[in-house]
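Quick notes on the structure that follows.
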Amino acid sequence: MQNLGLEIFDMLTRAQLTSQAIYIVAKLRLADYLKDGPKSVEDLAQETKTHPDSLYRLLRMLSSIGIFAETKKEDKEQQQVDQSIRRFELTPMASLIQSETKNSIRNFALMFGLESFKNAIDDLLYSIQTGENSFKHANGLEIYDYLGRNQKEAQIFNSAMASLTSSVTPLISSMYDFSQFNTVIDIGGGQGIFLSRILKDNAKLYGVLFDLPHAIQSAKKLYSRESANSNGNLDHGILSRCKLVEGDFFKSIPATGADGYIIKNVILNWDDQSAGIILKNCLRAMKDTSSSSSSIISENQANRKKTSPKLLIIDTIMPEGNEPFIGKFTDILMLSLTHKGRIRTEEEFRKLLVGSGFEITRIIRSHDPPNLLSIIEAIP
Ligand SMILES: C[S@@+](CC[C@H](N)C(=O)[O-])C[C@H]1O[C@@H](n2cnc3c(N)ncnc32)[C@H](O)[C@@H]1O
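This note's numbering numbers the first residue of the sequence shown as 75 and each following residue consecutively.
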């Protein structure tokens with residue numbers, strides 16, 4: 075028989091503890107220590123300077139939800155399982171919390187351990203009571219002003235966004251033909267992970283990364299590190315086709331000569347009024363571009379055919395109804411962390427875009443996973 079009280083008890087305990095436990099795994103690099111095979115709890119505790127029995131209990135809890143698995147060591151001489159040696163190994167989920175793995179979400183887990191984020195989420199009641207963001211209430215500053223003054227936290231935030239973006243970039247690339255553009259500008263493009271991927275996939279494409287100084291500085295470090303390795307996401311071919319530009323999209327967006335204007339996972343951070351300013355500045359940049367010769371990447375403009383500018387908003391669209399959907403949780407995260415940000419319905423996007431001088435030409439939705447991301451294509 076269904077016991078609803080127990081289900082609520084289960085939700086309360088699991089949600090709070092799972093998030094913290096994953097953060098601890100990321101912080102202590104526990105998954106990294108298991109990359110070469112199973113290890114005993116005693117060895118892991120020694121490597122991570124933790125209390126062996128407490129670590130065992132944490133790993134046992136996580137193994138019950140598919141993060142790590144407990145394995146027993148066989149005593150070869152006695153041909154039986156030695157129950158006293160408690161060992162753990164990686165599972166596919168635990169592998170993603172390693173630091174140097176493809177699509178690693180370790181940085182995202184670290185972000186959930188930042189004091190400023192925890193304070194904001196603990197203070198969510200304030201947002202529900204007032205409609206204002208609890209991040210500012212708890213930490214004294216709006217999130218991007220706060221990050222601008224806290225380099226260490228900004229680095230973790232930017233890397234977390236980059237982790238998230240890396241894991242969805244192949245999906246987005248498969249949903250849209252970016253080769254139709256000469257030059258794209260990624261507005262609020264963070265560390266430039268998405269831009270680097272589409273430049274890599276489209277050899278004739280030029281790109282501009284536009285973001286606040288803290289993000290562009292992170293991007294510069296990442297780009298120079300990658301180019302030094304020259305075996306990562308970026309190579310000299312990409313670097314020569316790319317410019318990194320610092321700025322504030324509320325003041326202006328540079329007239330770059332771009333014909334593709336990408337705004338990915340940015341609009342969800344803002345209320346309609348602020349999002350409207352970003353979109354109107356984007357419209358102005360499109361118009362300035364077509365009337366001025368001061369394009370940043372003029373060489374590319376001169377060499378390629380002229381195309382009309384398009385705006386691509388890459389974001390989650392809130393579906394109707396009661397079905398489970400991760401975006402309903404992200405929406406509350408936006409309420410708590412950002413300046414009245416929200417996950418918008420299709421209707422809300424339409425109103426916002428029309429009010430800012432754009433016409434939607436098509437909406438492409440991801441099928442697998444369904445609706446996780448959509449590309450809203452619009453023209454002035
Ligand atoms: C949620 S992150 C998304 C980053 C990236 N587009 C992605 O999908 O990974 C929002 C981005 O907006 C940038 N941003 C916030 N305020 C900005 C401003 N006033 N001007 C330019 N960029 C800004 C942040 O620095 C951050 O990189």
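Quick reminder that beta carbons are idealized off the backbone N, C-alpha and C, glycines included.
Where residue i sits in the DSSP three-state scheme
i, result
"K226", "helix"
"L386", "strand"
"I256", "Sequence check: residue 256 is Asn here, not Ile. DSSP places N256 in coil when its eight states are reduced to three."
"G205", "coil"
"I438", "strand"
"F162", "strand"
"E81", "helix"
"L215", "coil"
"L427", "helix"
"S237", "helix"
"P126", "helix"
"P244", "helix"
"L188", "coil"
"K402", "helix"
"E397", "coil"
"E420", "helix"
"I453", "strand"
"S368", "Unreliable positioning characterises S368 in this predicted model, as indicated by a pLDDT of 48, which lies under 50. The coordinate reading is nonetheless provided below. Coil."
"S448", "strand"
"K317", "strand"
"L325", "Reading off the sequence, residue 325 comes out as Lys, not Leu. Looking at K325 - three-state DSSP - the assignment turns out to be coil, as it is neither helix nor strand."
"I261", "strand"
Supposed close pair residue i, residue j - CB separation, criterion 8 Å
i, j, result
"I336", "D260", "5 Å"
"I290", "L386", "Contact doesn't hold; Cβ gap of about 21 Å is too wide."
"I179", "S237", "5 Å"
"S173", "D106", "6 Å"
"A293", "L279", "About 17 Å separates the two Cβ atoms, so there is no contact after all."
"F432", "I453", "7 Å"
"G281", "T257", "7 Å"
"E163", "G111", "7 Å"
"D275", "S248", "Rounded, the Cβ-Cβ distance is 10 Å, inconsistent with contact."
"G262", "F323", "6 Å"
"L221", "H288", "6 Å"
"I438", "R424", "Their Cβ separation, rounded to whole angstroms, is 15 Å, which puts I438 and R424 out of contact at 8 Å."
Residue i: CB within 7 Å of a non-hydrogen atom of ligand 2
i, result
"F268", "Looking at this structure, you won't find ligand 2 anywhere; what it does contain is ligand 1."
Residue i versus the options, residue with shortest Cα-Cα distance
i, options, result
"L407", "Q347, F209, E320, K226", "F209"
"L198", "A212, G187, F186", "A212"
"E227", "E451, N207, S190", "S190"
"R436", "I388, C316, D405", "I388"
"S241", "F231, F268, E144", "F268"
"I391", "L446, N343, T145, E397", "L446"
"M74", "S93, K101, K402", "Absent from the model: residue 74. The displayed extent of the chain is 75 to 454, so no value can be given."
"Y297", "A329, G264, T412", "G264"
"A234", "N207, L188, S128", "L188"
"L411", "N343, L80, L118", "N343"
"K414", "D405, M360, L353", "D405"
"K524", "T165, Q90, D127, S253", "Lying before the first or after the last residue shown, residue 524 is absent from the chain, which here runs from 75 to 454."
"I352", "K361, N224, I341", "I341"
Q) Taking the runs of the beta strand (DSSP E) that are 3 residues or longer, which of them lie wholly in the stretch 92–122? A) Here no run is fully enclosed.
Q: Counting only runs of 3+ residues fully inside the stretch 330–361, write out the beta strand (DSSP E) ranges in chain order.
A: Entirely contained in the stretch 330–361, the beta strand (DSSP E) runs reaching 3 residues are, in chain order, 334–338.
Q. Fully enclosed by the stretch 272–299, which beta strand (DSSP E) runs are 3 residues long or longer?
A. Runs of the beta strand (DSSP E) lying entirely within the stretch 272–299 and spanning at least 3 residues, in chain order: 280–285.
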